Structure formats: structure tokens, C-alpha cells
Amino acid sequence: LENTVFVAVSKHVKDSESVLSWAAKKFGGKKKICILYVHQPASLVSFFGGKLAVSKFQQRAINALREADIQKLHKLISQYVLQLSNMGVHADRMWIEMDNVEEGIVDMIVQHGIKWLVMGAAADKYYKKDMTELKSQKAIFVCEHAPVFCHIWFICRGNLISTRK
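The working numbering applies: residue 4 is where the sequence shown begins, and numbers increase by one.
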């Protein structure tokens, strides 16, 4: 982990393309890259057009739901690994299950002593040329709560918006 840059990605591959691309260009070949993902486990499932809390299901159904959820997670992370591979960059992967994404990112920074993190500053649609402030509540939370030893680059639409050293 000493020479690794972690890239926080979202559950929508399209939303993280510019962050991954920036990290690959900046660090590819110089440092290892590890995809960091906070998986929010399914808590509600569709049931005859409505929603039913997972806690109401029998254990077998819950296990089947969780297995399907984990398979989707692995497929998603594999898409990110493939995207980086197509850019000529090998990537490792690390993920955690947590209801709150930003708290999960901070927890992973603390647990693993992550020194370098790249993440989105805002959704790409909010990008402006003179943008210098974080717009994403997740980015703001991570910036405010991550340990000081973690250097963070905040990216929007492939551009460096802010750094926290």
C-alpha cells in the first residue's frame, strides 16, 4: 500500500470515467492504482410493485438477494479494472460494505493508512472552467474528516479542481 494511489469510484461507471482517466494519466506507471469502492448493500427489494424491508424475508431469500448483490458488485468493479487495463494500467481493488459512502471512504483511509486518494469533486455536469470548490457532499465530508496524512486530489470532468495536502 506504500506506493499506491487509491481511486474512489461510484456505482455508475460513466460517473467515474473522468476520475479514473485522470488518475491513470497522472500516476499510471509511477504508482500502483487501487480502485476503492464503498458498496451500499441492498436494504429494500421490490415486491409486487412495492418495497419490502429485507428483514421481512426468510433467511434463504435474504441470502439469495445478498449473493446477487455481491455478484453485481464484482461485475461493477471488474468494469473499472477493465477500463484501466484498456489504458494500459494494472489496478488492484478494495471495497467495503457500508450504508454511508463518505463514511466508508474515511473508514478505509483510516483502516488501511491510505496516503493518496483521488475522487470526484462533483458530478461532471456541474463542472465550470473556473471551478475551485468541492460541490459533492461526499467530497466535502471526506475532505473534512479524512486523516491529515491522506493527500487527496479532487477531480471533475477530468480536471483537477482541488487538492488537500
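All C-beta atoms in this analysis are idealised placements derived from N, C-alpha and C, irrespective of residue type, glycine included.
These numbers were taken from a predicted model, which means no experiment stands behind them.
In the structure shown, V92 falls within a coil segment according to DSSP collapsed to helix, strand and coil. V41: member of the beta strand (DSSP E) spanning K35 to H42, first to last residue.
Looking at the backbone, the Cα of I38 and that of V12 are separated by about 7 Å.
C146: not part of any beta strand (DSSP E); member of the alpha helix (DSSP H) spanning Q140 to H148, first to last residue. A contact is defined here as three or more CB-CB pairs under 8 Å, and the stretch 137-156 meets this definition with respect to the stretch 105-114.
By the neighbour-count definition (other C-beta atoms within 10 Å, threshold 16), Y83 is a buried residue.
With a 10 Å radius around the Cβ and a threshold of 16 neighbouring Cβ atoms, H15 comes out exposed.
Listed in chain order, the non-local C-beta contacts of K138 below 8 Å within the same chain comprise A124, A125, A126, Y129 and C159, local neighbours out to five positions each way being set aside. Between the alpha carbons of L23 and G161 lies a distance of about 8 Å. Taken through DSSP and simplified to helix, strand or coil, I73 comes out as helix. By the Cβ neighbour-count rule, A71 is exposed, with fewer than 16 other Cβ atoms within 10 Å of its own. Taking C-alpha positions only, T7 is separated from E20 by approximately 19 Å.
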